[in-house]
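Heads up: the sequence shown at position 140 corresponds to 147 in the working numbering, and the numbers run straight through without jumps. Remarks on the structure that follows.
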Amino acid sequence: MNSGQQHRVFGRRAQEHILILASGDKVRHMTIQPWMAAVAFCFLGVFSIGYLLATSYLVLRDDLIGATMARQARMQHDYEDRIAALRAQVDRITSRQLLDQQVVEDKVDKLMEQQMALTSRHGKLDNLLDRAESSGLTDKDSAPASPVQSYAPAIKDKRASLDHSGIEAIEKQLASGAPADATPDNTTLAYVPATETVGDRADRIFSKVTLSLKDVEQDQRSRIEQLTSDAGNAANAIESVLTRFKIPMPEAAAKQDEDDGAVGGPFVEPESNDDFNNSLIALDDALTRLEAVRNTAESLPFRSPAIGKEMTSPFGNRRDPFLGRLALHSGVDFRFSPGEKIRPTAPGKVISAGWTGGYGNMVEIDHGNGISTRYGHMSQVLVKTGDTVDRSDIIGLAGSTGRSTGTHLHYEVRQNGHAVDPVYFMNAGLKLATYIK
């Protein structure tokens, strides 16, 4: 098939480009294909772009370097600012810790002073409560709680002077939280909010302890005031009885009622204005007064010599059983069984023991303050003159010696040598039963 026919069937054929290279006698030719032209064009495009980029970099390099350095400088300043903030935070925390330590030490000093004061008060109060108990004003089981429970955090050189239980309690409360972290993580570099510090917790805990101690002190003060009032009332009741029988007041009680005459001097504030100590002093004075009048009352014959026994003859005028005419009976008679033990109605000193006329076997005991008692008609005397006897001692055995019609006890009370009705003393003893043993 000829070329004309090919053009008609397939159309016009593209003309090929041939590159001829001649070098001396050598001639070379190369047919340039379309893909070769495309590759060459792409290569030239890439080269042109690279050249443009390189040229732009060279032109803009100084600006890029300056911007990078400026960015790095800004980052450095930011980090320096954060580091400075952290240092300031650490300084604040360190300073706060020092202040907290000082606060804790000051609080411990105050608590130690309170502990010493409470310990001193407790010693005085314990002694006063023992005296009040012995006076019948209170039972030791109902005494107020001891105020010596001490509370204080663990501080160097101060632990030995504080109670172990109190230290453990404070340490447990102080350890219940954590102070602000001095080295926070990198996520919070600028500022770390401070939590409750040791000083804050110590101040809060010590405030609670102080309030608790004040409550204890207030309860004790109320108790002391009540005991003082009770002691005063008891002393007044005993004094009223003693006054009725014209018994002189003991010196300790009389000092409470001394006249303020013939005294003077400039007014000077007292050395201590401690209300609690003043309350202790008032209670001590009241107990001293009560003990004085109580001891006086206990030394006198206010009790019955024959508890539960029948009184066969009262004090006063009666018909004499032997003469049949009116006569003064200077005592009271109690029915006793033969040989029954006889005890005195109060402590004292035996001033007579043995046969005494119509009394038969008689014992007379001096109780002081001009008062004595006589115990007559005994079958046997078991003490001698000069003996000191107590209420529990046996001074003789019941009988019917002397002018007696049967076994009984003739009991007689004498004041300043004159016989008085023993019933008056026994009735007064019933009123004093709650104040004397």
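Glycine included, C-beta positions come from ideal geometry on N, C-alpha and C. Since the model is a prediction, treat every value here as computed from it, not as a measurement.
Ranking 27, 392, 43, 282 by CA distance to the CA of residue 36 puts 27 first. Boundaries of the alpha helix (DSSP H) harbouring residue 119: 41-141, taken from the DSSP string.
With contacts defined as CB atoms closer than 9 Å, residue 210 and residue 114 qualify as a contacting pair. In the DSSP assignment, residue 356 falls within the unbroken beta strand (DSSP E) covering 355-362. Under the three-state reduction of DSSP output, residue 299 falls in the helix class. With the rule of 3 Cβ pairs closer than 8 Å, the segment 331-351 does not count as touching the segment 289-304. In terms of Cα proximity to residue 108, the closest of 299, 208, 121 is 208. If you check the CB distance, residue 381 and residue 418 come in under 9 Å. Contact annotation: residue 386 and residue 338 have beta-carbon atoms that are not nearer than 9 Å. In terms of Cα proximity to residue 388, the closest of 363, 378, 375, 376 is 363. By the 16-neighbour rule on beta-carbons within 10 angstroms, residue 303 is buried.
Residue pairing by DSSP places residue 380 opposite 372, 420 in a beta bridge. Scanning its chain for C-beta atoms nearer than 6 Å, with the 5 sequence neighbours on each side dropped, one finds around residue 242 the residues 296, 297, 300, in chain order. Sorting 317, 409, 307 by C-alpha distance to the C-alpha of residue 372 places 307 at the top.
Non-local C-beta neighbours of residue 324 in its own chain, meaning closer than 8 Å and more than five positions away in sequence, comprise 333, 334, 335, 336, ordered along the chain. The Cβ atoms of residue 429 and residue 397 lie no closer than 9 Å to each other. Under the three-state reduction of DSSP, residue 239 is assigned to helix.
Put simply, of 394, 311, 129 the residue whose alpha carbon is nearest the alpha carbon of residue 436 is 311. Around the beta carbon of residue 341, a 10 Å sphere encloses 16 or more other beta carbons of the protein chains shown; the residue is thus reported as buried. Burial is judged here by how many other beta carbons sit within 10 angstroms of a residue's own beta carbon; residue 379 has at least 16 and is buried.
With contacts defined by Cβ atoms closer than 9 Å, residue 366 and residue 409 form a contacting pair. No Cβ-Cβ contact shorter than 9 Å links residue 248 with residue 444.
Under the rule that a run must span 3 or more residues, the beta strand (DSSP E) segments found entirely inside the segment 309-334 read 318-320, 323-326. Around the CB of residue 322, 16 or more other CB atoms lie within 10 Å, so the residue is classed as buried. If the five residues before and after residue 348 are omitted, its C-beta is found closer than 7 Å to the C-beta atoms of 401, 404, all from its own chain and listed in chain order. For the pair residue 375 and residue 422, the Cα-to-Cα distance works out to about 10 Å.
Taking the C-beta atoms as reference points, residue 343 is found nearer than 9 Å to residue 415. The beta carbons of residue 384 and residue 411 sit closer together than 9 Å. Beta-carbon to beta-carbon, residue 230 and residue 283 are separated by about 12 Å, too far to satisfy the 8 Å threshold. Boundaries cannot be given for residue 144, as no beta strand (DSSP E) includes it and DSSP labels it neither H nor E. In the structure shown, the three-state DSSP call for residue 365 is helix. In this structure, 369 is the residue among 369, 441, 357, 119 with its C-alpha nearest to the C-alpha of residue 407. Counting the other CB atoms within 10 Å of its CB gives residue 420 a total of 16 or more, which places it among the buried residues.
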